[in-house]
Structure formats: structure tokens, C-alpha cells
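Quick look at the structure:
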């Protein structure tokens, strides 16, 4: 997180209880101090009353609740982002004043779910859709979030949202661009439907190669298809390439109506 904040030039201070970690990180130029965030004086020293956001990442729930309560009392307008190990703990954190709760259990469950879909050779469009549905169901069922979220009802909301977006962008910029394999279905009316692989020139223009094609209604898979292979609606192309490049070509496989107004 510190690396992401540095990348987008957002000032921050880290509170840490491990003296060895503090000493080591200070040598590297990190803005880190030794201190217990459970103590009011430490929060005061860190600038809690003027801070835009506080992020609580420690795993001990009692400590998280104590810091959260003090932070909200000392600065009613601050944006509070915290973590929770279990979904069952989330409602209480929101009621204590958290604006955003990242649930370890939920994210782990969703990652496992995505891996299952991948192993079952589910096309990426369906995997994304099922993942969004699963995420929504988990929140709706287990998380009793206050109707009036502090993020959405105060002036600090836009600032907190901007921090999230910029931090996410920084994380994406720092992530390594590695090749991956994805299965993409040709949707109804897609631009690529009815065209030869050679006509699209995905490899030349985007660095993405089609390594196999599963034709709709057929069991056999065309491995290493040549440029004359035609992609039809309902076919599934197995592609390999940089993940950002694959994201770019997705529009060619998408249903026409999804991208027209």
C-alpha cells in the first residue's frame, strides 16, 4: 500500500509496533514511526485530526475496533478503511464508523470460486459475471451496511474515492505484465463473428495469439488454428498474451448491443 501511495504522491505516515521493522524501513527512507495506534496520543502525533483517511490493517479485531472508535471520535470527517478476517465481523465495524471494510474471508472465497470456474473451462465473460453475482450475494446476505455511508454523505467522500482509484491505478502500474491464457466466447453480433483470425490480426496489433478454438455445438477443439479459421457466434477462442492486451481485445468478442447506445 505504501508503494502505491508513493507512486501517486499521496503523503502518509505508518504506525508500527515492531522496532526492528521501524528501524529497517527508516533506513530505506520510509515515513514510519514506532507507536501504538490504540493510544490517543500516538494518533494525535500522527495527525489524525487533519488526516483525510486512516487505513487499519492489523488482524486483531479488538484492537481494530479500539482504533476505529478513537479515530472516528477524534476526527468525525475522516475516511476509515479497515480489514476484517471474517464476514460475520463486518456489520459491527460499519456500525462503529468504518467507511470501507475489506473482508479476507470473502476475498479468499471469491478467489477460490474464480479458480474453480477457470478449472471448469468457463469462458472469461461468464466467470466475470458469476464472480460479480457471487460478490453481490455475499454482501447482501452477510453485511448489514449502514444506509447512510460516511463516504457517500460527506464532503470527504470524493477525496476518499479518488484515493482508492489512484491507489488502484498505481497498483496496476506496478504489477508485472505476465502472459496468461484466457477463454473468450464470441458473443451475438460481435465484431469478430464471421471473420477469419488472419483478418483481425490480433497477434500483430495486440500481441495476442489464438492457440485453440472450441466451435459451438462441437466436441473437438481446433488446436493451433491457422489464419483461415473463421470464428462464429458461440465459438470460444483460447488466447494467450499480456493480460492488458487481452482486456483490450475483449471488445471485439462482446455483444454488439453492450457497446452501443
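Residue numbers (full-length UniProt numbering): 1 to 261.
Note that CB positions come from ideal geometry on N, CA and C, so glycine has one too.
- prompt: Looking at C-alpha atoms only, which residue of 92, 82, 95 is the closest neighbour of residue 101?
  reply: 82
- prompt: Terminal residues of the continuous alpha helix (DSSP H) containing residue 42?
  reply: 40 to 46
field: Which of helix, strand or coil DSSP assigns to residue 233
entry: coil
Span separating the alpha-carbon of residue 240 from that of residue 24: 41 Å
field: Residue interval of the alpha helix (DSSP H) (run including residue 20)
entry: 19 to 27
query: Is residue 83 helix, strand or coil by DSSP?
result: strand
N-terminal and C-terminal residue of the alpha helix (DSSP H) that residue 214 is part of: Taken as a continuous stretch (DSSP letters only), residue 214 belongs to no alpha helix (DSSP H), being part of the beta strand (DSSP E) at 209 to 214.
message: So the candidates are 234, 85, 76, 201; which of them puts its Cα closest to the Cα of residue 190?
response: 234
query: Does DSSP classify residue 12 as helix, strand or coil?
result: coil
- prompt: So, are the CB atoms of residue 66 and residue 13 less than 8 Å apart?
  reply: no
- prompt: Are the Cβ atoms of residue 79 and residue 53 separated by less than 8 Å?
  reply: yes
field: Simplified DSSP state of residue 49, which is helix, strand or coil
entry: coil
- request: Report the residue from 186, 39, 194 whose alpha carbon sits nearest the alpha carbon of residue 17.
  value: 39
- prompt: Measuring CB to CB, does residue 230 end up less than 8 Å from residue 196?
  reply: yes
- prompt: Considering only the beta carbon of each residue, do residue 42 and residue 15 sit closer than 8 Å?
  reply: yes
- prompt: Which residues in the same chain have their Cβ closer than 6 Å to the Cβ of residue 250, if we skip the five residues on either side of it in sequence?
  reply: none
- prompt: For residue 35, which of helix, strand or coil comes out of DSSP?
  reply: coil
query: If we ignore side chains and look at the alpha-carbon of each, how far apart do residue 182 and residue 1 end up?
result: 28 Å
message: Among 232, 188, 77, 252, whose alpha-carbon lies nearest the alpha-carbon of residue 205?
response: 252
query: Mind checking whether residue 212 and residue 238 have CB atoms under 8 Å apart?
result: yes
query: residue 48 and residue 75 look like a contact to me (Cβ under 8 Å); what is the Cβ gap, rounded to whole Å?
result: 5 Å
query: Looking only at its own chain, which residues have a Cβ that is under 7 Å from the Cβ of residue 50, when we skip the five neighbours before and after it?
result: none
task: Name the two residues that bound the continuous alpha helix (DSSP H) containing residue 186.
output: Unbroken run through residue 186: none, as it is neither H nor E.
- request: Could you check what DSSP says for residue 255 in three-state terms: helix, strand or coil?
  value: coil
task: Look at the Cβ atom of residue 232, then the Cβ atom of residue 198, and state whether they are nearer than 8 Å.
output: no
query: In terms of alpha-carbon separation, which member of 71, 85, 36, 72 lies closest to residue 60?
result: 85
message: Comparing C-alpha positions only, which one of 210, 242, 243 sits nearest to residue 228?
response: 210
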